[in-house]
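Reading through the structure tokens given below for one structure.
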Amino acid sequence: MSAAAAATARDALRAATDAIHARLHGLPALQALAEGRIGRAGYVALLRRLLGFHAAVEAALADAPSLGPSLIPWGIDIAQRRRAGLIEADLATLGAALGASAGPVPLAPLPALGTVPRALGCLYVTEGSTLGGRQLARALDGLLPPGEAGRRFLLGHGARHGAMWRACCAALEHCGAEPARRAEMLAAAEATFLAFEAWFAGAP
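For the sequence shown, counting from 1, position 142 maps to 143 in the numbering used here; every step adds exactly one.
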């Protein structure tokens with residue numbers, strides 16, 4: 002099924018991003034995490050790279066002053082979906098907190114996100130990552146003690162996970178019901194995945 006012919010916005014998003022999404026599973030750090038063979042240093046490096054990406058997304062959405070209020074009618078509160086702080090908490094648990102001497106976190110370059118459809122296309126990527134993240138959290142059982150500490154980011158929105166994802170899906174369908182908005186949303190989702198891939202390709 003082509004992205005243009007997909008019956009639902011989520012079908013269209015999956016069709017448009019399937020190839021790049023599949024490639025991301027082959028990123029060495031993510032593959033090591035999924036297979037339960039990532040070490041402490043590798044996990045810290047992965048979290049720092051993820052922080053650069055998610056902090057960039059949150060900054061980009063915050064830098065569009067009218068965007069936050071514009072998303073509220075679509076059932077999306079950007080502030081409730083911030084997860085960069087969870088990564089910082091995980092780093093602190095691992096003894097790798099970012100002190101003042103470390104300087105600002107390098108931020109990943111991102112596509113423009115200043116419209117509702119583009120913001121929702123990006124959120125499809127970042128919110129969708131919470132689905133697989135919960136499984137990846139279990140893959141850390143050999144590295145971390147039981148509990149949430151050190152894997153808060155991967156556990157996503159915790160008890161709110163189901164409701165948050167359903168609200169995101171509803172917003173995607175509502176916005177994607179109009180062809181021009183759907184096209185913009187698909188372009189932003191694909192560009193966000195590509196930005197994520199490029200950010201990890203350039204990891205030190």
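Note that CB positions come from ideal geometry on N, CA and C, so glycine has one too.
Looking at the structure shown, is residue i part of a helix, part of a strand, or coil, going by DSSP?
i	result
S67	coil
I39	coil
G151	coil
A113	coil
P29	helix
A97	coil
P146	coil
H55	helix
L87	helix
M2	Because M2 sits at a pLDDT of 47, beneath the cut-off of 50, its placement in the model cannot be relied upon, and the following sentence gives the value as read from the coordinates. M2 falls in the coil class under three-state DSSP.
V45	helix
P74	helix
L92	helix
If you follow the alpha helix (DSSP H) that residue i is in, where does it begin and where does it stop?
i	result
Q136	V117 to R139
H1	Because the chain is modelled from 2 through 205, residue 1 falls outside the range shown and cannot be assessed.
H22	A10 to L25
W200	P180 to A202
Classify residue i as buried or exposed, calling it buried when 16 or more other Cβ atoms lie within 10 Å of its own Cβ.
i	result
M2	In this prediction, M2 scores a pLDDT of 47, lower than 50, which makes its location untrustworthy; no coordinate-derived value is stated.
G157	buried
G27	exposed
L132	exposed
R161	exposed
S67	exposed
G177	buried
D91	buried
M129	According to the sequence as given, residue 129 is Gly; it is not Met. Answer is buried; the Cβ neighbour count reaches 16.
T9	exposed
E89	buried
Below 8 angstroms on the Cβ atoms is my contact criterion, and I expect residue i with residue j to pass it. Report the Cβ-Cβ distance as a whole number of Å.
i	j	result
L51	F154	7 angstroms
L111	A190	Incorrect: roughly 12 angstroms between the Cβ atoms, too far for contact.
P74	M186	About 16 angstroms separates the two Cβ atoms, so there is no contact after all.
L108	L34	At roughly 22 angstroms, the Cβ-Cβ gap does not stay under 8 angstroms, so L108 and L34 are not in contact.
A85	E59	6 angstroms
A120	L48	Actually they do not touch by this definition, with Cβ atoms about 25 angstroms apart.
Specify whether the segment 113 to 130 and the segment 76 to 83 touch according to this definition: at least 3 beta carbon pairs, one from each stretch, less than 8 angstroms apart.
yes
Three or more C-beta pairs closer than 8 angstroms, one from the segment 144 to 151 and one from the segment 38 to 46: is that the case here?
At 8 angstroms Cβ cutoff, the stretches touch.
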